[in-house]
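Structure first, then comments.
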Amino acid sequence: MSNHNAQVEKEDWDIILEPNRSEKNYLKDFKRFKDLFYILAWRDIKVKYKQTFLGVLWLIIRPLLSSIIFTVVFSRIAHLKSSGDYPYFIMVLTGMLPWQFFSSAINESTSSLIGNTSLITKVYFPRMIIPASAILTCFVDFMISFVLLLVIMLLFRVFPDPMIFFLPVFILLLVCFAFGCGLLLTSLNVNYRDFRYIIPFILQFGLYVSPVGFDANAIGHKWQIWFSLNPMTGIINGFRWCLLGEPLNLSAVLISCVTIAIVLIIGWRHFRKTEKSFADFI
């Protein structure tokens, strides 16, 4: 019996190099190296705020400061109003939370392969583990910030809408969108280092064309479709529907789902296509 178990364990860790085998067994290889995935994620979590003066408090400070600025610009200067009986600041904060996760996930995943050059050039493992672990680190930050958001809402006497039970659906869409974009931009950044300079401009532009500082339902009807092509429009609208009870633009959510699926497929395929040459370019 012991010989049989040893043989099964040996076969499970045998990596056979043959044509097209990697494509059929990639997810199986990912499962084999799941411990590496957790180790990389835990390493990033531990060192991310280790040498900072404020540490984890940045999880509160960043979205709060950004939300205060957006509240002043859109509420005080542009005289926009929220669509419900809650402060404009709360509306902005519920939009800032998913955007901060998306922005952090893109920044961290895009540079993750370059930051693990020595690991990539020495041993075999599914390279997708590295950007995935970077996104997991950002997701942990997101969950901590989400709890803080609920606390702030209660301080303002704003109670979550009963539709909050649908929030995991929009969180899943958010993670899939960040993962798809992260895979695509990460693989492009390995081959073309110019992308590390372009990505901040893309994120800055995306922030202003996403309904972070304003109500998506206030957009004119003729612009709704164009704004809906940005998946963050449907995601942020869904967050506010779940937390604040704002009207849900179902067409925007459906368009976001289709766009996210396309981005995820493109990102996955491009990453897999270029993965074999990462060690050469890095």
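Counting the sequence shown from 1 gives a position; this note's numbering is that position plus 128.
Quick reminder that beta carbons are idealized off the backbone N, C-alpha and C, glycines included.
Query                                                                                                                                                         : Result
Select from Arg-397, Val-175, Asp-213 the residue whose C-alpha is nearest the C-alpha of Cys-309.                                                            : Arg-397
Should Leu-301 be labelled buried (16 or more other beta-carbon atoms within 10 Å of its own) or exposed?                                                     : buried
Taking Leu-378 as the reference, which of Leu-372, Gly-395, Ser-356, Ile-388 has the closest Cα?                                                              : Ser-356
In terms of alpha-carbon separation, which member of Ser-211, Lys-162, Ser-231 lies closest to Gln-332?                                                       : Ser-231
Which whole-angstrom value describes the C-beta separation of Phe-307 and Ile-263, a residue pair presumed to lie in contact below a C-beta threshold of 8 Å? : 6 Å
What first and last residue would you give for the alpha helix (DSSP H) that runs through Gly-243?                                                            : 240 to 243
Kindly indicate which residue of Thr-249, Glu-236, Gly-373 has the alpha-carbon position closest to the one of Lys-404.                                       : Thr-249
Whole-angstrom Cβ separation of Pro-259 and Gln-228, contact assumed at under 8 Å?                                                                            : Not confirmed; about 18 Å, so no contact.
Is it right to say Leu-313 is buried, meaning 16 or more other beta carbons lie within 10 angstroms of its own, or is it exposed?                             : buried
Taking 7 Å as the cut-off, decide whether the C-beta atoms of Ile-327 and Thr-238 are in contact.                                                             : yes
In or out: Val-391 buried (at least 16 other Cβ within 10 Å) or exposed?                                                                                      : buried
From this set, Phe-298, Gly-395, Ser-246, Ile-280, which residue's C-alpha is nearest Ile-364's C-alpha?                                                      : Phe-298
Compute the Euclidean distance between the alpha carbons of Pro-288 and Thr-361, then round it to the nearest angstrom.                                       : 20 Å
Can you name, in chain order, every residue of its own chain whose Cβ lies under 6 Å from the Cβ of Thr-387, other than the five neighbours on each side?     : Pro-359
Out of curiosity, what's the CA-to-CA distance linking Tyr-255 and Gly-334?                                                                                   : Residue identity check: residue 255 is Arg in the sequence provided, not Tyr. C-alpha separation (whole angstroms): 27 Å.
Around the C-beta of Asp-322, are 16 or more other C-beta atoms found within 10 angstroms, so that it is buried, or is it exposed?                            : exposed
Less than 8 Å between the CB atoms is what I'm expecting for Gly-373 and Met-291, so what's the real figure, rounded?                                         : 7 Å
Which of helix, strand or coil does DSSP assign to Leu-357?                                                                                                   : coil
Closer than 7 Å by C-beta to Ala-233: which residues in its own chain qualify, once you throw out the five before and the five after it? Chain order, please. : Ile-263, Cys-266, Ala-306, Gly-310
Measure the alpha-carbon distance for Asn-319 versus Lys-401 and round it to whole angstroms.                                                                 : 12 Å
Arg-324 by DSSP, collapsed to three states: which one?                                                                                                        : helix
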